[in-house]
Amino acid sequence: MLAGLAAPALAHQSSRPNIVFFLSDDHGYRDSSVYGSRVVRTPAMQQLASDGMVFMRAFTGSPTCVPSRAIIMSGLMPARNGALPNHSGLTPGIRTLPTYLKQADYRVAHFGKSHYQPKENYPDLEWVPSEIRRGPLNSDLDTPAVEDWLKRRDASSTRAQPVCMFVNSHSPHVYWAPNEGYDPARVELPPTFVDTPETREERTKYYTDVSLADKQLGEIYSSAKRYLGRNTLFIYTSDNGAQWPFAKWSLYDAGILQPFIAIWPGVIRPGSRANAMISFCDILPTLLVIAGAKAPEDIDGRSFEHVFLGQDRHRTEIYGAHSGDRDFNVFPMRCVRTARHKYILNLHPEFRYTTHIDKAGGRDGRDYFDSWVRKAQSDPAAAAVVRRYHEHPAEELYDVVADPHENRNLAADPKHRRTLENLRQRLRSWMRKQGDEGKVFGNPTKLSRTAQSQI
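Per the working numbering, the sequence shown starts with residue 40, numbered consecutively.
Below is the structure:
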């Protein structure tokens with residue numbers, strides 16, 4: 040039973056709901072019509088928004104694939120679950136969401152891309168073959184396979200057993216699909232970008248892949264309505280921000296603020312919006328409460344089922360951690376964000392910040408980033424962007440309301456000293472409680488002495 044839920048709201052419910060959790064990969068918060076884009080075509084997300092609740096402040100606790108998913112599945116933040124760097128994994132033996140749900144008599148199934156690892160931590164998860172290879176990196180979601188699984192379940196004797204389905208799209212993770220109908224002249228470029236023809240062309244490919252994820256989302260949503268019925272909680276979100284500079288692999292909002300839409304007919308009011316601040320570590324306890332199970336007490340997450348019911352408040356602050364992604368990105372940082380301010384602690388400002396974008400092949404963004412570097416040779420504004428990308432000060436402070444793209448660092452401004460000191464203390468206290476020692480994973484690249492002296 041949902042805590043605080045008025046009886047009439049569940050009058051039509053005779054059993055616990057089915058749950059469908061659809062996760063896209065590297066979808067930026069602002070890159071859909073639901074969250075303000077005038078260019079990106081996302082009709083399925085728009086339909087979900089009309090049918091349910093759009094969360095405006097849903098945050099992952101880490102801006103890369105594996106750590107973000109580990110938070111969802113464990114209810115623990117990275118220093119406690121073991122998945123601090125990307126391509127690592129949960130500490131063996133940590134209990135995960137599928138096991139808790141199975142104990143609550145749910146059938147739990149996985150479809151599409153994984154990055155839930157190691158598999159030994161998911162003994163109660165049914166891994167359904169549902170991938171299509173469309174490139175050396177892409178392992179895409181086979182939506183007909185999901186429909187077929189639902190159809191076979193519908194005809195089986197287990198139909199009365201509630202299900203939880205984790206459905207995972209590879210899109211819009213690179214490789215991005217070839218452009219289909221997007222005009223480079225009309226793409227939306229954040230003020231943190233350098234405007235070049237190469238950037239605009241890559242942006243059209245990214246948009247095309249967002250639209251592909253949206254198409255898959257629409258197909259899964261239709262299948263769920265067809266075979267699971269009204270008593271179904273359907274959630275859409277993404278694991279982390281898009282693979283663009285100052286987004287994925289960073290703790291700016293473009294890296295950790297996620298699209299999040301929830302639909303539950305008869306419970307969640309259609310066309311509603313929530314400003315409550317939630318963290319991905321809250322997903323596990325929320326789903327367990329909704330499933331009629333008790334959430335473990337020793338996790339970092341807290342259930343936000345009350346937000347589904349219209350109580351528009353939850354957390355006063357959220358925390359985030361990033362450590363690295365093999366040797367492409369060795370740059371440990373931590374953050375705390377309130378409704379108004381963001382404080383970022385860069386644990387090693389002497390390191391040169393790099394990602395796949397500037398170090399890997401063209402499929403990761405090297406071609407367009409090289410165009411930024413070329414433009415920087417004659418354009419001071421472009422040079423400032425490239426330098427900001429590679430060189431980070433020890434502390435950053437932003438007013439995320441007045442400066443949503445986090446362009447103006449207020450850490451050295453005397454007017455904001457109290458805010459800086461307060462958030463610094465909160466973050467350090469949180470790190471101590473987490474047992475977070477700020478460990479360096481991988482081999483960092485050091486800045487030149489000249490660059491270090493200028494930070």
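We put the beta carbon where it would ideally sit given N, CA and C, even for glycine.
Exposed unless 16 or more other CB atoms sit within 10 angstroms - verdict on residue i
{"i": "K472", "result": "exposed"}
{"i": "K381", "result": "buried"}
{"i": "I58", "result": "buried"}
{"i": "P47", "result": "Because P47 sits at a pLDDT of 34, beneath the cut-off of 50, its placement in the model cannot be relied upon, and the point is left open."}
{"i": "L228", "result": "exposed"}
{"i": "A45", "result": "Low confidence applies to A45: its pLDDT is 36, below 50, so where it sits in the model is not reliable, and the reading given next is rough at best. With fewer than 16 other Cβ atoms within 10 Å, it is exposed."}
{"i": "N385", "result": "buried"}
{"i": "V440", "result": "exposed"}
{"i": "W188", "result": "buried"}
{"i": "G359", "result": "buried"}
{"i": "G43", "result": "Here the model assigns G43 a pLDDT of 37, short of 50, so the residue's position is not dependable, and the following value carries that caveat. Flag for G43 reads exposed."}
{"i": "R198", "result": "exposed"}
{"i": "A50", "result": "Note on A50: pLDDT 33, under 50, position unreliable in the model; the coordinate value appears next. By the 10 Å Cβ count, A50 comes out exposed."}
{"i": "L344", "result": "Correcting the residue type first, residue 344 is Glu in the shown sequence and not Leu. Result: buried."}
{"i": "R69", "result": "buried"}
{"i": "R426", "result": "exposed"}
{"i": "D253", "result": "buried"}
{"i": "N482", "result": "exposed"}
{"i": "Q200", "result": "exposed"}
{"i": "M40", "result": "Any reading at M40 is ruled out, since the residue's pLDDT is 35, under 50, leaving its predicted position unreliable."}
{"i": "W215", "result": "buried"}
Bridge partner(s) assigned by DSSP for residue i
{"i": "W288", "result": "A286"}
{"i": "N57", "result": "T271"}
{"i": "L386", "result": "Partner(s): none; L386 has no beta bridge."}
{"i": "V375", "result": "Y358, Y382"}
{"i": "I322", "result": "None; I322 has no bridge partner."}
{"i": "Q297", "result": "A97"}
{"i": "K485", "result": "F390"}
{"i": "T276", "result": "L62, F299"}
{"i": "G151", "result": "N207"}
{"i": "D364", "result": "D366, N368"}
{"i": "W166", "result": "H149"}
First and last residue of the uninterrupted beta strand (DSSP E) at residue i
{"i": "V206", "result": "202-207"}
{"i": "R96", "result": "92-98"}
{"i": "D234", "result": "Counting along the chain, D234 falls outside any beta strand (DSSP E), and DSSP gives it neither H nor E."}
{"i": "D438", "result": "434-438"}
Where the alpha helix (DSSP H) through residue i begins and ends
{"i": "M316", "result": "Unbroken run through M316 is the beta strand (DSSP E), 311-318; no alpha helix (DSSP H)."}
{"i": "F343", "result": "No alpha helix (DSSP H) contains F343, which DSSP labels as neither H nor E."}
{"i": "A216", "result": "Per DSSP, A216 belongs to no alpha helix (DSSP H) and is neither H nor E."}
{"i": "D144", "result": "No alpha helix (DSSP H) contains D144, which DSSP labels as neither H nor E."}
{"i": "S178", "result": "Premise fails: S178 lies in the beta strand (DSSP E), 178-180, not in any alpha helix (DSSP H)."}
{"i": "Q473", "result": "456-473"}
{"i": "R409", "result": "What sits at residue 409 in the sequence shown is Asp, not Arg. From DSSP, the alpha helix (DSSP H) with D409 extends over 405-415."}
{"i": "R497", "result": "With the chain covering only 40 through 494, there is no way to say anything about residue 497."}
{"i": "R134", "result": "Run containing R134: none; DSSP gives neither H nor E here."}
{"i": "I171", "result": "Unbroken run through I171 is the beta strand (DSSP E), 170-172; no alpha helix (DSSP H)."}
{"i": "Y428", "result": "419-429"}
{"i": "K478", "result": "Counting along the chain, K478 falls outside any alpha helix (DSSP H), and DSSP gives it neither H nor E."}
{"i": "D397", "result": "395-398"}
{"i": "R119", "result": "117-120"}
Anticipated Cβ contact below 8 Å, residue i with residue j, distance rounded
{"i": "F98", "j": "I274", "result": "In fact, because the Cβ distance is near 15 Å, the residues do not count as touching under 8 Å."}
{"i": "T138", "j": "D163", "result": "5 Å"}
{"i": "P56", "j": "I329", "result": "6 Å"}
{"i": "V79", "j": "V233", "result": "With 8 Å as the limit, V79 and V233 do not qualify as a contact, their Cβ atoms being about 20 Å apart."}
{"i": "L436", "j": "L459", "result": "5 Å"}
{"i": "A315", "j": "R341", "result": "Not really, about 11 Å apart at Cβ, beyond 8 Å."}
{"i": "L327", "j": "Q255", "result": "With a Cβ gap of about 27 Å, L327 and Q255 do not count as contacting."}
{"i": "K485", "j": "R405", "result": "Rounded, the Cβ-Cβ distance is 21 Å, inconsistent with contact."}
{"i": "M506", "j": "R308", "result": "Because the chain here runs from 40 to 494, residue 506 falls outside it and cannot be looked at."}
Nearest residue (CA-CA) to residue i, options the options
{"i": "P102", "options": "A148, I322, G257, S289", "result": "S289"}
{"i": "M470", "options": "Q282, C203, G310, M372", "result": "M372"}
{"i": "Q86", "options": "Y68, N218, Y260", "result": "Y260"}
{"i": "T247", "options": "A224, S210, L466, V185", "result": "S210"}
{"i": "M84", "options": "S63, C320, T355, E435", "result": "S63"}
{"i": "A184", "options": "E258, C203, P230", "result": "E258"}
{"i": "R354", "options": "H361, K333, R376", "result": "R376"}
{"i": "Q142", "options": "F480, P335, G401, P217", "result": "P335"}
{"i": "G400", "options": "E159, F390, F367", "result": "F367"}
{"i": "S169", "options": "P157, S153, E159, N160", "result": "S153"}
{"i": "D337", "options": "R427, G114, F61, I383", "result": "G114"}
{"i": "A118", "options": "Q255, T243, P106, F319", "result": "P106"}
{"i": "W283", "options": "H212, D364, V306", "result": "H212"}
{"i": "V206", "options": "W411, S487, Y221, F150", "result": "F150"}
{"i": "E240", "options": "H431, E430, R402, H455", "result": "R402"}
{"i": "N125", "options": "I110, T238, E430, C104", "result": "C104"}
{"i": "D397", "options": "P309, A415, Y407, E389", "result": "Y407"}
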